[in-house]
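For reference, the structure is listed below as C-alpha cells.
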Amino acid sequence: MAASIADVRSALSISAPSPSTPGPSQLKKQPSQSIRKPEGISRELYSLIGPSAPTLAAQLAKPRLKQKPNLGGGGKVKWEWRTFKNSARTDSLELGHWVKANSDPNAEYTFAKYNVQHTVYSWTQDEYTRYLQDPEWTPEESQYLFKLAVEYDLRWYIIHDRYHYPTGVTRELEDLKDRYFSICRKLVRNRPWNGDETSKNQLLASFSFDKEREQLRKKYVANLENRNPEQVQEEEALYLEVKRLEQNERKFKREREELLRTLAGIDSGLPDIVEDEATFFTVDTSKLQKKKNRGTDLDSPSVSSAPSVTKRAPVVKDPVEDAKHCIIRTELSATTPATKAAHTPAYMRSFKLPYPKAAIAPRVTQVLSELGISPSRLVMPTRDNCQRLESLMDEATTLVELKKAVDKVIQDIEVTKARLDLRETEGEEPARHPETDLEMDERGTIEPEGEDGRAQSVVSTRSTRSRKHSRRSMSVSSVDTTATSSARPATKRQKRG
Amino acid sequence: MSNADRVRVRGLSIFRPIIYGNTATVLTPKEREALSPQTKDHTHRWTVAVRSAASAPDSDIVGGADDLGYFIKRVSFKLHETYPNSTRNIDKPPFEVTETGWGEFEVQIRITFIPESGEKAMILYHHIKLHPWTLTGEPEIPPLEEALRKGPVHSWQYDEIVFNDPYQNFLNLLMAHPPTLLPKEKRYKPTPFHIANPVSLKEAVNVTSEMGVPEFTMAMEKDEAERLEEAKKKVIAEQEQWKKILIEKNEEYQQLQQMVEE
Chain E
1 MAASIADVRS ALSISAPSPS TPGPSQLKKQ PSQSIRKPEG ISRELYSLIG
51 PSAPTLAAQL AKPRLKQKPN LGGGGKVKWE WRTFKNSART DSLELGHWVK
101 ANSDPNAEYT FAKYNVQHTV YSWTQDEYTR YLQDPEWTPE ESQYLFKLAV
151 EYDLRWYIIH DRYHYPTGVT RELEDLKDRY FSICRKLVRN RPWNGDETSK
201 NQLLASFSFD KEREQLRKKY VANLENRNPE QVQEEEALYL EVKRLEQNER
251 KFKREREELL RTLAGIDSGL PDIVEDEATF FTVDTSKLQK KKNRGTDLDS
301 PSVSSAPSVT KRAPVVKDPV EDAKHCIIRT ELSATTPATK AAHTPAYMRS
351 FKLPYPKAAI APRVTQVLSE LGISPSRLVM PTRDNCQRLE SLMDEATTLV
401 ELKKAVDKVI QDIEVTKARL DLRETEGEEP ARHPETDLEM DERGTIEPEG
451 EDGRAQSVVS TRSTRSRKHS RRSMSVSSVD TTATSSARPA TKRQKRG
Chain Z
1 MSNADRVRVR GLSIFRPIIY GNTATVLTPK EREALSPQTK DHTHRWTVAV
51 RSAASAPDSD IVGGADDLGY FIKRVSFKLH ETYPNSTRNI DKPPFEVTET
101 GWGEFEVQIR ITFIPESGEK AMILYHHIKL HPWTLTGEPE IPPLEEALRK
151 GPVHSWQYDE IVFNDPYQNF LNLLMAHPPT LLPKEKRYKP TPFHIANPVS
201 LKEAVNVTSE MGVPEFTMAM EKDEAERLEE AKKKVIAEQE QWKKILIEKN
251 EEYQQLQQMV EE
C-alpha cells in the first residue's frame, strides 16, 4: 500500500516522506498539512494529490456535501414496554408493545384508524319487493349473504368459503359479489341522498361490479397460468418473429424511401419532393425528344428549381377551395408505383358504375328494378351517388346470395325428407307380415330398422315403434314427392290391424 | 414548357361536371316548306351538344354556363351516315351541331382534350331524342299540335369528367376556371327528364313550352341519393327477413339430418 502511494507521489512529483518513517509517523505529519486542506476535498484524496492541484480543489469545493441527518438527537433512544388499548376493538383487550419512551402515552393507537367499518345495508320488505327482486335469490338468502358479508368484513374468499345456505344452490364467488354489490347499488340509487351528486356517484362507482368481465378475467388468468412450456415457448417464438418482421418492414420502407428520393430527387432536381413523379414528355413526343429533354434538364438544373413555388401552391389542402375546383384528394399509398403505366386515364364518372357479378346479374338487376333503381344509369352520377349505388348493389348481391342459400337448404330439406320416407317404407318391410311383427312385439326383441338397424337391442320394440310413428307424422306433413308414398298407407293399415 | 409543369400531382383528382344530349323541336308546316328538296321529309330540328352542367341565368338552353374550351380541344359528333359529311368536328365552343331530321339515331361524341392534359380522347354515345317523353318510355309520335304545345324535347345526361393525377400545368389551368356550381334548389324551371328519375317522369306529362328549359340542380343529386339510400334500407330489411328464414330452414335441415343419422 505504501509503495503505491509512493508511486503516485513520484508521478505527481511530490516529495516523498522518508522511506524509513513508519506508518504512524505519516499520520502524525498529516495535521500540519491538513491546515491548508481546502474544504470539500476528502482527506484521503488530499493526501494523494496534495496541494499541487488547486484548480481541482476549487471545483470540488463547490458542491458541499450534505450534513448527515441528525437522528434522534443524542443517538441513544430509549424504548419501553407499554400496554395499549386498540380503540377499534369492541372488547377492551389490552396488549403490550415497545414504544419510544418519549412518545405520548395517551396517544391513540396508530393503527386503529385502519379499521374501516363498512356501511351495513339493510332493507325493508317494501324496498325488497320494489327494487331488489331477483329470480335467482330469495330474500332470506340475500339476508344471509349480507350477514356473512358483515361477519367476515367483505373478505370475499372467506365469505365464499363459509357460504353454505341450506337451499343447496352452489354459488360462485362472482355470484355472491354480484348480488351484494347490485343490492348496494340499487339501495344507494333509490334511497334519498343528502350529500352531493359526486359523492353519490363515487359511492356507486365503488359498488360497481361486472360479473361477466370478472369471470372472463379469471378465465384468462387461468388460461395464462395453464399454458404448458411448449406453448409458452411457441408464444415467445411468435413474438420474436413478429418483432423481426416489423423491423424488416421498417428497414424495407426506409430503403425504398431512400431509393425513391434518390431517383425522383435527381431527376426533378427537387430532392425534397418524393410524391411527384417527374415526367418529361407529353403523350405525343417521340423518344428522341425525350432523350433531348432529359439531356437539357441535366445540363441546366437551375431551370427546374424555379417553379417549385407554383408547385407547392395547390398542395395546400383547403376543403372549400377543393370543392370549388372539384378537386378530390386521396391518400397515396406507399405501394402505388409512380410509373406512367400505373396512371389512370381520364374517365367519365358513369364509366365506373359498378357491375353486379355476372352469375347473378339478372337477379340483382331484378331486385334493383323492383325498387325503382336502374342499375346501369344514374341521373346524377356524382362520386357520392356512384358510391351509394355500389353499396346498394353490394347489399342486393348479398340478398340474392341469401335467397340462393335458402333455396339450397330448402332443396336439401326436400331431399332428406324424401330419403327418410324412402327408408321408412323400406324399414317397415318386415312389418308387412303382421304375425312376425306381433311375435317380435311380444318377445320384445330386435326389430330390423332398415339400413341401420343397429343398437336397437337395448331399446324395446315398443319404443322403436312409437318413434317410428312420430317420424311418420313428420314426414306426412312434408311435401309428398317420393315414389314410395303410395306404399305407405298400406303399411300403416297393416300395422294398425 | 418547363419540366416542373410536366409533373403529375399525385393523390389528386379533379373533375368537371358536364352534360351531353340534345334538344329537338318539331318543325311547323311553314318551316318545312323552307327546307331544301333533299330534306323535304325532315320533321324536326335538333341540336346535339356537350356543355357545362350549370345553366346560365335566364338562358334558353340547358346547361352551358361555362365555356368548356379551356380544357376541351375538339368535340367530334359522328352523325348517321345519311347526313352529308357525317363526322362534324367542332374545334371551339359551343360544342354543338344543329341539324334537321326525321328519325332518332345514336350519335357518337368524341371529346379530345387539350394537349396539356396528356389524356386520350373520350367517347360517349347519345341517342338523339325527337319525340316527347312518355311515362312508359316507349316512343310515341304525338300529333303536330300536341308536339308544338309541349315545346322542345330535351334529353340530357349529366356526367363528370375525372382527371387523375393531373399534370401541374393542366391542374393550374383547370383551377383558373372553377366551374359554375349547380343551383342548390329546384327553381321555377322543370327537372331535366331522365328515364331513371321518377320525379322527372311525373313532371314530363305536364311539361309545356311555357315552363322554360329544364335545369340541372343539386337537388337532383340529393333526390337520387335519397332514392338510393331508401332502396338500400329496403334491401337490408329484406336481407334480415331472409336471414331469419335461412336460420329456420337450417335448423329444420339439421333436425332432419339427425333423424337420418339415427
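Heads up: the protein sequence lines correspond to chains E and Z, in order.
Residues in the first sequence are numbered consecutively from 1, following the UniProt record's numbering.
Residues in the second sequence are numbered consecutively from 1, following the UniProt record's numbering.
Just so it is clear, CB atoms sit at the ideal spot from N, CA and C, and this is done for glycine as well.
Values in this document were obtained by computation on a predicted structure and should not be read as measured data.
Whole-number beta carbon distance between residue j and residue i, since they are thought to touch under 8 Å
{"i": "Z:Leu130", "j": "Z:Val153", "result": "6 Å"}
{"i": "Z:Glu116", "j": "Z:Leu173", "result": "6 Å"}
{"i": "Z:Leu35", "j": "Z:His42", "result": "6 Å"}
{"i": "Z:Glu96", "j": "Z:Thr28", "result": "Not confirmed; about 22 Å, so no contact."}
{"i": "Z:Gly11", "j": "E:Arg329", "result": "6 Å"}
{"i": "E:Tyr109", "j": "E:Phe146", "result": "With 8 Å as the limit, E:Tyr109 and E:Phe146 do not qualify as a contact, their Cβ atoms being about 29 Å apart."}
{"i": "Z:Asp159", "j": "E:Pro381", "result": "6 Å"}
{"i": "Z:Thr23", "j": "Z:Val62", "result": "7 Å"}
{"i": "E:Lys186", "j": "E:Tyr131", "result": "5 Å"}
{"i": "Z:Tyr125", "j": "Z:Glu99", "result": "So it is not a contact: roughly 17 Å between Cβ atoms."}
Distance, residue j Cα to residue i Cα
{"i": "E:Arg189", "j": "E:Leu224", "result": "38 Å"}
{"i": "Z:Thr87", "j": "E:Val400", "result": "45 Å"}
{"i": "E:Ser34", "j": "E:Val77", "result": "Its pLDDT being 46, under 50, E:Ser34 is placed unreliably by the model, and nothing is read from it."}
{"i": "Z:Ser13", "j": "E:Arg349", "result": "12 Å"}
{"i": "Z:Gly101", "j": "Z:Leu144", "result": "15 Å"}
{"i": "Z:Gln258", "j": "Z:Ile245", "result": "20 Å"}
{"i": "Z:Trp133", "j": "Z:Pro214", "result": "14 Å"}
{"i": "E:Glu390", "j": "Z:Lys186", "result": "26 Å"}
{"i": "E:Arg388", "j": "Z:Ile195", "result": "19 Å"}
{"i": "E:Arg250", "j": "E:Ala237", "result": "20 Å"}
{"i": "E:Asp153", "j": "E:Val221", "result": "26 Å"}
{"i": "Z:Val26", "j": "Z:Ala147", "result": "7 Å"}
{"i": "Z:Pro178", "j": "E:Ala205", "result": "58 Å"}
{"i": "E:Gln117", "j": "E:Lys200", "result": "18 Å"}
{"i": "Z:Arg6", "j": "E:Lys357", "result": "39 Å"}
{"i": "E:Gln231", "j": "E:Glu241", "result": "15 Å"}
{"i": "E:Leu148", "j": "E:Asp161", "result": "11 Å"}
{"i": "E:Glu174", "j": "E:His164", "result": "15 Å"}
{"i": "Z:Gln255", "j": "E:Asp412", "result": "12 Å"}
{"i": "Z:Thr191", "j": "Z:Val199", "result": "8 Å"}
{"i": "E:Phe351", "j": "Z:Lys30", "result": "43 Å"}
8 Å Cβ cutoff, residue i in contact with chain Z
{"i": "E:Asp299", "result": "Caution applies to E:Asp299, whose pLDDT of 40 falls short of 50 and renders its modelled position unreliable; the value that the coordinates give is listed next. It does not: the Cβ of E:Asp299 has no partner Cβ on chain Z nearer than 8 Å."}
{"i": "E:His160", "result": "no"}
{"i": "E:Glu212", "result": "no"}
{"i": "E:Leu371", "result": "yes"}
{"i": "E:Val379", "result": "yes"}
{"i": "E:Pro356", "result": "no"}
{"i": "E:Arg329", "result": "yes"}
{"i": "E:Arg454", "result": "For E:Arg454, the predicted model reports a pLDDT of 41, less than 50, meaning its position is unreliable; a value from the coordinates is still stated below. No, E:Arg454 lies away from the interface with chain Z (no Cβ there is under 8 Å from its Cβ)."}
{"i": "E:Lys253", "result": "no"}
{"i": "E:Pro362", "result": "no"}
{"i": "E:Val320", "result": "no"}
{"i": "E:Leu399", "result": "yes"}
Minimum Cβ-Cβ distance from residue i to chain E less than 8 Å
{"i": "Z:Tyr70", "result": "no"}
{"i": "Z:Ile161", "result": "yes"}
{"i": "Z:Ala231", "result": "yes"}
{"i": "Z:Phe95", "result": "no"}
{"i": "Z:Arg51", "result": "no"}
{"i": "Z:Pro188", "result": "Looking at the sequence provided, one finds Tyr at residue 188 of chain Z rather than Pro. Z:Tyr188 does not count as touching chain E."}
{"i": "Z:Tyr125", "result": "no"}
{"i": "Z:Pro178", "result": "yes"}
{"i": "Z:His194", "result": "yes"}
{"i": "Z:Asp58", "result": "no"}
{"i": "Z:Ala225", "result": "yes"}
{"i": "Z:Arg110", "result": "no"}
{"i": "Z:Trp242", "result": "yes"}
Identified DSSP bridge partners for residue i
{"i": "E:Ile49", "result": "Per DSSP, none; premise fails for E:Ile49."}
{"i": "Z:Pro17", "result": "Z:Glu160"}
{"i": "E:Arg329", "result": "Z:Leu12"}
{"i": "E:Asp134", "result": "E:Trp137"}
{"i": "E:Leu95", "result": "E:Phe84"}
{"i": "Z:Ile109", "result": "Z:Phe77, Z:Leu124"}
Could you give the uninterrupted runs of the beta strand (DSSP E) lying entirely in the stretch 115 to 151 of chain Z, keeping only those of 3 residues or more? 122 to 127
With a floor of 4 residues, list each alpha helix (DSSP H) that falls wholly inside the stretch 24 to 63 of chain Z, ordered by position along the chain. 29 to 34
Restricting to runs no shorter than 3 residues, where is the beta strand (DSSP E) found entirely within the stretch 67 to 105 of chain Z? The DSSP assignment places 72 to 78, 87 to 90, 95 to 101 as complete runs of the beta strand (DSSP E) inside the stretch 67 to 105 of chain Z, in order along the chain (cut-off: 3 residues).
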